[in-house]
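Chains A and B, in that order, give the protein sequences. Numbering follows the working numbering, in which position 25 of the first sequence is assigned residue number 25; successive positions increment by one, without gaps. Numbering follows the working numbering, in which position 94 of the second sequence is assigned residue number 94; successive positions increment by one, without gaps. Each residue gets a CB set at the ideal place from its N, CA and C atoms; glycine is no exception.
There are 2 protein chains.
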Amino acid sequence: MDGMIYVVGIGPGKKEGMTLEAEEILEKCDIIVGYKTYVDLIKDSFPDKEFYANGMTMEIERCKKCIDFAREGKNVAFIGSGDSGVYGMASPMLEEAAKVGFNNIKIIPGVTAALSGGAVLGAPVGHDFCLISLSDRLTPWEKIESRLKFAAQGDFVIVIYNPASHGRKDHLKKACDILLEILPENTCCGIVRNIGREGEEKEIMSLKELRDRPVDMFTTVFVGNSQTKNINDHMVTLRGYKQ
Amino acid sequence: MDGMIYVVGIGPGKKEGMTLEAEEILEKCDIIVGYKTYVDLIKDSFPDKEFYANGMTMEIERCKKCIDFAREGKNVAFIGSGDSGVYGMASPMLEEAAKVGFNNIKIIPGVTAALSGGAVLGAPVGHDFCLISLSDRLTPWEKIESRLKFAAQGDFVIVIYNPASHGRKDHLKKACDILLEILPENTCCGIVRNIGREGEEKEIMSLKELRDRPVDMFTTVFVGNSQTKNINDHMVTLRGYKQ
Numbered sequence: 001m002d003g004m005i006y007v008v009g010i011g012p013g014k015k016e017g018m019t020l021e022a023e024e025i026l027e028k029c030d031i032i033v034g035y036k037t038y039v040d041l042i043k044d045s046f047p048d049k050e051f052y053a054n055g056m057t058m059e060i061e062r063c064k065k066c067i068d069f070a071r072e073g074k075n076v077a078f079i080g081s082g083d084s085g086v087y088g089m090a091s092p093m094l095e096e097a098a099k100v101g102f103n104n105i106k107i108i109p110g111v112t113a114a115l116s117g118g119a120v121l122g123a124p125v126g127h128d129f130c131l132i133s134l135s136d137r138l139t140p141w142e143k144i145e146s147r148l149k150f151a152a153q154g155d156f157v158i159v160i161y162n163p164a165s166h167g168r169k170d171h172l173k174k175a176c177d178i179l180l181e182i183l184p185e186n187t188c189c190g191i192v193r194n195i196g197r198e199g200e201e202k203e204i205m206s207l208k209e210l211r212d213r214p215v216d217m218f219t220t221v222f223v224g225n226s227q228t229k230n231i232n233d234h235m236v237t238l239r240g241y242k243q
Numbered sequence: 001m002d003g004m005i006y007v008v009g010i011g012p013g014k015k016e017g018m019t020l021e022a023e024e025i026l027e028k029c030d031i032i033v034g035y036k037t038y039v040d041l042i043k044d045s046f047p048d049k050e051f052y053a054n055g056m057t058m059e060i061e062r063c064k065k066c067i068d069f070a071r072e073g074k075n076v077a078f079i080g081s082g083d084s085g086v087y088g089m090a091s092p093m094l095e096e097a098a099k100v101g102f103n104n105i106k107i108i109p110g111v112t113a114a115l116s117g118g119a120v121l122g123a124p125v126g127h128d129f130c131l132i133s134l135s136d137r138l139t140p141w142e143k144i145e146s147r148l149k150f151a152a153q154g155d156f157v158i159v160i161y162n163p164a165s166h167g168r169k170d171h172l173k174k175a176c177d178i179l180l181e182i183l184p185e186n187t188c189c190g191i192v193r194n195i196g197r198e199g200e201e202k203e204i205m206s207l208k209e210l211r212d213r214p215v216d217m218f219t220t221v222f223v224g225n226s227q228t229k230n231i232n233d234h235m236v237t238l239r240g241y242k243q
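Right under this line is the structure:
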């Protein structure tokens, strides 16, 4: 009989950031599959498990491996950091499974960086917000630019994922230049690095300062809306406009 | 000595949806404070605790109570459903605390309905998305309308919180009419009701059908983008545009 595939978001990093449901699945499954970096994050917490890990850009192969393992009768925990859905493996896994008529899949949510990083900064995502990835690996840059413009025009708090990559280090600067056409220079912004991991760091700054701030791929960026303030060294978006 | 205030997102409802960190705080704290409905959700899981609960629209009083309890030396877990930040109590708590110079606050994130409801539907938030609340208690309706328009123009997946309230039952219909000016009638949409609780239900439908669908305040609504499809009865947003 086929096993189950659980696509599990493990949260920011340490075991304490995962849900009780995620932990139970990882305890009970037969094999844990994932991108090498994420597997390394939790390997020590599950010492007796079988693991299958491979590298970046091997996502589709990983999905196919999960189906192979499940067809052998194994219960598979297919892990990723943050949430399983948000820029995660739930979408390609469901696509691949549908292609071959495999149905035993359950998606287990997790805490994505907009929430875990938000908690480190205070409450930047206290009201309506957008999530935008600056990675142009699968999305044309023009689409990303257009989303930044509409998000700024809509006065959304904007959470930026993948603000830099090995290939293009100036993505965040370009994004800030687009936002600065619409938003004031003193818009309250924040960055968090290594959320929930060793070396966690945070900083609150203006949009103008953010533009010239070097960031890496372990950083999540928060751009406030018109109601976002630095309150006592916390980045806080007020819950509404009628206070 | 003052106690700590932990603002804790407990996830969608059942204990298994909270993080290990949230559970540990609830186990160790001296008192759990929250809106009555949320306290009732977890009361049975923490039978030996002291609780303080009150009703809707009593948010600021609840924040002040937390500070009072902490000033008495108690460690306080101030709970809310979903995430502590997203339309949650982290923002007003940090504001109230700053007013009286109280600094012992830590924000603990949780799984918000965009993620937990998304997991029930499949992977609707697999790529860039916006979160918009239709509650006009603290936000002018014109602001909400403008955000819906910009989100649709930006081709964002849109997750709608508070699609209905006692006072105004036609919010979702009005929102869909705005979206239908920009998005095709057959845009893939989904709704989830009672996420992670007794009586959980989901349904995938077109935007045209969503317009005439009665919903209540326990429902979260997902409006797909141009890359969202119904794949094998799952709502799935493809990860990019270059596949």
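So, does the CB of residue i fall closer than 8 angstroms to a CB anywhere in chain B?
{"i": "G126/A", "result": "yes"}
{"i": "P184/A", "result": "no"}
{"i": "T19/A", "result": "yes"}
{"i": "S116/A", "result": "yes"}
For residue i, go through chain A and note every residue whose CB falls closer than 8 angstroms to its CB, in chain order.
{"i": "N232/B", "result": "L94, A97, A98 and N103"}
{"i": "G88/B", "result": "A123 and G126"}
Whole angstroms are fine: how far does the CA of residue j sit from the CA of residue i?
{"i": "V7/B", "j": "M1/A", "result": "44 angstroms"}
{"i": "K14/B", "j": "L115/B", "result": "15 angstroms"}
{"i": "E250/B", "j": "F46/B", "result": "Outside the shown range of chain B, which is 1 to 243, sits residue 250/B, and nothing can be said about it."}
{"i": "G34/A", "j": "K49/A", "result": "13 angstroms"}
{"i": "L32/B", "j": "P92/B", "result": "Sequence check: residue 32/B is Ile here, not Leu. Cα-Cα distance, rounded: 17 angstroms."}
{"i": "L131/A", "j": "L172/A", "result": "14 angstroms"}
{"i": "V157/B", "j": "D128/B", "result": "7 angstroms"}
{"i": "F51/B", "j": "T112/B", "result": "23 angstroms"}
{"i": "D216/A", "j": "N162/A", "result": "8 angstroms"}
{"i": "I5/B", "j": "K99/B", "result": "15 angstroms"}
{"i": "V223/A", "j": "G118/A", "result": "11 angstroms"}
{"i": "I231/B", "j": "G11/B", "result": "27 angstroms"}
{"i": "A70/A", "j": "T228/B", "result": "26 angstroms"}
{"i": "V86/A", "j": "V125/B", "result": "6 angstroms"}
{"i": "G240/B", "j": "E95/A", "result": "13 angstroms"}
{"i": "H166/A", "j": "S135/A", "result": "11 angstroms"}
{"i": "E61/B", "j": "D68/B", "result": "10 angstroms"}
Is the CB of residue i under 8 angstroms away from at least one CB in chain A?
{"i": "V111/B", "result": "yes"}
{"i": "Y38/B", "result": "no"}
{"i": "G11/B", "result": "yes"}
{"i": "F222/B", "result": "no"}
{"i": "S146/B", "result": "yes"}
{"i": "F218/B", "result": "no"}
{"i": "K143/B", "result": "yes"}
Give me, in chain order, the residues of the same chain whose beta-carbon lies closer than 8 angstroms to that of residue i; leave out the 5 immediate sequence neighbours on both sides.
{"i": "L180/A", "result": "L207, K208 and R211"}
{"i": "I182/A", "result": "K149, A152 and Q153"}
{"i": "K28/A", "result": "N75"}
{"i": "G55/A", "result": "Y35 and K36"}
{"i": "E72/A", "result": "G3"}
Kindly list the residues whose CB is nearer than 7 angstroms to the CB of residue i, restricted to its own chain and excluding five residues on each side of it in sequence; keep chain order.
{"i": "S84/B", "result": "V7, V8, G9, A90, I107, I108, P109 and G110"}
{"i": "E59/A", "result": "M89 and P92"}
{"i": "S226/B", "result": "D155"}
So, for residue i: in the same chain, excluding its five sequence neighbours on each side, which residues have a beta-carbon less than 6 angstroms away from its beta-carbon?
{"i": "I191/B", "result": "E203, T219 and V221"}
{"i": "G122/B", "result": "H234, M235 and V236"}
{"i": "A97/A", "result": "I105"}
{"i": "K138/B", "result": "Checking the sequence shown, residue 138/B turns out to be Leu, not Lys. Counting only Cβ-Cβ distances below 6 angstroms, and skipping sequence neighbours, we find nothing."}
{"i": "R197/B", "result": "G13"}
{"i": "T187/B", "result": "L207 and G224"}
Can you name the residues of chain A whose CB is closer than 7 angstroms to the CB of residue i?
{"i": "I160/B", "result": "Result: empty, since nearest Cβ-Cβ is about 10 angstroms, beyond 7 angstroms."}
{"i": "D83/B", "result": "L115"}
{"i": "I107/B", "result": "A119, G122 and A123"}
Could you check whether the Cβ of residue i sits closer than 7 angstroms to any heavy atom belonging to the ligand MN?
{"i": "L26/B", "result": "In terms of ligand content, the structure shown is empty, and the ligand MN therefore cannot be addressed."}
Residue i touches chain B at which residues, Cβ-Cβ below 8 angstroms?
{"i": "E16/A", "result": "T19, L20, E21 and E24"}
{"i": "F150/A", "result": "F150, A151, Q153, G154 and F156"}
Just the chain B side, please: which residues come within less than 7 angstroms of residue i by C-beta, in chain order?
{"i": "S133/A", "result": "D128"}
{"i": "V236/A", "result": "S91, L94 and E95"}
Going along chain B in order, which residues have a C-beta closer than 9 angstroms to the C-beta of residue i?
{"i": "R62/A", "result": "Going along chain B, no residue has its Cβ under 9 angstroms from R62/A, so there is no contact; the nearest lies around 13 angstroms."}
Closer than 9 angstroms by beta-carbon distance: list the chain A residues that pair up with residue i, in chain order.
{"i": "T139/B", "result": "H127, D128, R239, G240, Y241 and K242"}
- In chain order, which continuous runs of the beta strand (DSSP E) of length 3 or greater are located wholly inside the stretch 13-60 of chain B? 31-35 and 50-54
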